[in-house]
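One structure is given here, and the rest of the page talks about it.
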Amino acid sequence: EPEVTQTPSHQVTQMGQEVILRCVPISNHLYFYWYRQILGQKVEFLVSFYNNEISEKSEIFDDQFSVERPDGSNFTLKIRSTKLEDSAMYFCASSEEGTDAYEQYFGPGTRLTVT
Amino acid sequence: AQKITQTQPGMFVQEKEAVTLDCTYDTSDPSYGLFWYKQPSSGEMIFLIYQGSYDQQNATEGRYSLNFQKARKSANLVISASQLGDSAMYFCAMRDDRDDKIIFGKGTRLHILP
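Sequence order for the protein chains is A and B. First residue of the first sequence? That's 1 in my numbering, and the numbers climb one at a time after it. First residue of the second sequence? That's 1001 in my numbering, and the numbers climb one at a time after it.
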């Protein structure tokens, strides 16, 4: 069964460093998303991406964050200058369509630890 | 504004019993979808079941069913014949037709006892 994959599974970085989290969505999916989950808290939406541009973003997704689909398969989240509060699990998701009827398939997550 | 409420932070259930996880939601959009996800201790998010706002019948997927009561804005997850492997965090979530994002509740941690 096709699945969303994410690399790395765990990343440790120092405050102020740039990190890139990588995702490979399901191949025939057109909509891509990033969510984050701070330890012990609920999952929060960051950004959605369709047709090579951001379609929606939350207040969390400030200028420190950017997303890119550099080729036909990868979807990346970049944090330019990490802060301690960026420590969280980051989930990539993809869906076939953008309507509410289509479930979003989540990847296994990347645990980001900022020290 | 959209909102998902899960009032049970934790539940303990004996193996093989049925369990109901509560979820209420709020939205002004007439068209929306409701989801349940399971998050085991390993951290991944596993899609369990989907219910559309216009679906007449309650969704079922194997041992999972969604008790959808639209007038009450309630979307409880029912797990029949619980198993030890059902121990996990369960998130209720919603997406309405205007938005790309899924809104999640705070989750319910389910513990299945042998």
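All C-beta atoms in this analysis are idealised placements derived from N, C-alpha and C, irrespective of residue type, glycine included. Predicted model only: the values in this text are computed from it and were never measured.
Measure the C-alpha to C-alpha separation of residue i and residue j and round it to an integer number of angstroms.
| i | j | result |
| --- | --- | --- |
| Glu59(A) | Phe45(A) | 9 Å |
| Ser94(A) | Asn51(A) | 13 Å |
| Ser73(A) | Lys1073(B) | 38 Å |
| His1111(B) | Gly1010(B) | 8 Å |
| Tyr1050(B) | Ser1080(B) | 17 Å |
| Gly16(A) | Glu68(A) | 21 Å |
| Ser1200(B) | Tyr1090(B) | Not covered by the structure: residue 1200(B). The range shown for chain B is 1001 to 1114. |
| Glu1061(B) | Ser1031(B) | 22 Å |
| Glu56(A) | Phe49(A) | 7 Å |
| Leu1066(B) | Asp63(A) | 39 Å |
| Gly109(A) | Cys1092(B) | 18 Å |
| Leu1048(B) | Gln104(A) | 11 Å |
| Ile1046(B) | Ile1103(B) | 15 Å |
| Tyr1037(B) | Gly1043(B) | 12 Å |
| Asn1107(B) | Asn28(A) | With the sequence shown as reference, residue 1107(B) is identified as Gly, and Asn is not the correct amino acid for it. When rounded, the distance between both Cα atoms is 30 Å. |
| Ile20(A) | Thr115(A) | 16 Å |
| Thr1027(B) | Lys1003(B) | 7 Å |
Nearest to residue i by CA position, among the options, is which residue?
| i | options | result |
| --- | --- | --- |
| Asp1055(B) | Val1019(B), Glu1017(B) and Phe1068(B) | Phe1068(B) |
| Gly40(A) | Pro1114(B), Leu1113(B) and Gly1105(B) | Gly1105(B) |
| Tyr31(A) | Lys42(A), Gln64(A), Val43(A) and Val47(A) | Val47(A) |
| Ile54(A) | Pro70(A), Lys42(A) and Tyr33(A) | Tyr33(A) |
| Gly1052(B) | Met1094(B), Ala1018(B) and Lys1101(B) | Met1094(B) |
| Glu85(A) | Ser9(A), Val4(A), Thr5(A) and Gln14(A) | Gln14(A) |
| His10(A) | Lys83(A), Leu77(A), Tyr90(A) and Glu97(A) | Tyr90(A) |
| Cys92(A) | Arg111(A), Lys83(A) and Asp71(A) | Arg111(A) |
Anything in chain B within Cβ reach of residue i, meaning under 9 Å, just list it in chain order.
| i | result |
| --- | --- |
| Glu85(A) | Going along chain B, no residue has its Cβ under 9 Å from Glu85(A), so there is no contact; the nearest lies around 19 Å. |
| Gly16(A) | The contacting residues do not exist; Gly16(A) stays about 26 Å from chain B at best. |
Apart from the five residues just before and just after residue i, which ones in its own chain have a Cβ nearer than 7 Å to its Cβ?
| i | result |
| --- | --- |
| Thr1007(B) | Asp1022 |
| Asp1029(B) | Asp1096, Asp1097 and Arg1098 |
| Ile38(A) | Ala88 |
| Leu1084(B) | Glu1015, Ile1112 and Pro1114 |
| Arg80(A) | Glu18 and Gln64 |
| Glu1017(B) | Ser1082 |
Note down, in chain order, each residue of its chain lying with its Cβ closer than 6 Å to the Cβ of residue i, except the 5 sequence neighbours on either side.
| i | result |
| --- | --- |
| Thr7(A) | Arg22 |
| Thr1020(B) | Asn1076 and Val1078 |
| Val12(A) | Thr113 |
| Pro25(A) | Val4, Phe32, Phe75 and Ser94 |
Which residues of chain A have a Cβ atom closer than 7 Å to the Cβ of residue i, listed in chain order?
| i | result |
| --- | --- |
| Gly1107(B) | Lys42 |
| Asp1099(B) | Glu56 |
| Phe1068(B) | Residues of chain A passing the Cβ test: none, with the nearest at roughly 14 Å. |
| Ile1079(B) | Result: empty, since nearest Cβ-Cβ is about 18 Å, beyond 7 Å. |
| Ile1102(B) | Phe45 and Gln104 |
If the cut is a Cβ gap below 8 Å, which residues of chain B does residue i touch?
| i | result |
| --- | --- |
| Phe91(A) | Met1045 |
For residue i, which residues in the same chain have their Cβ closer than 8 Å to its Cβ, ignoring the five residues on either side in sequence?
| i | result |
| --- | --- |
| Lys1070(B) | Ser1053 |
Q. Quick one, which residues of the region 1040-1054 of chain B are near chain A if we go by CB-CB under 7 Å, in chain order?
A. Gly1043, Glu1044, Met1045, Phe1047, Tyr1050 and Gly1052
Q: Note down, in chain order, all residues in the region 39-71 of chain A with a beta-carbon under 8 Å from any beta-carbon belonging to chain B.
A: Gln41, Lys42, Val43, Glu44, Phe45, Ser48, Tyr50, Ser55, Glu56 and Ser58
Q. Just by C-beta distance, which residues in the region 101-113 of chain A are closer than 9 Å to chain B?
A. Ala101, Tyr102, Glu103, Gln104, Tyr105, Phe106, Gly107, Pro108, Gly109 and Arg111
Q. Which residues, in order along the region 1012-1042 of chain B, keep a beta-carbon less than 7 Å from a beta-carbon of chain A?
A. Ser1031, Tyr1032, Gly1033 and Phe1035
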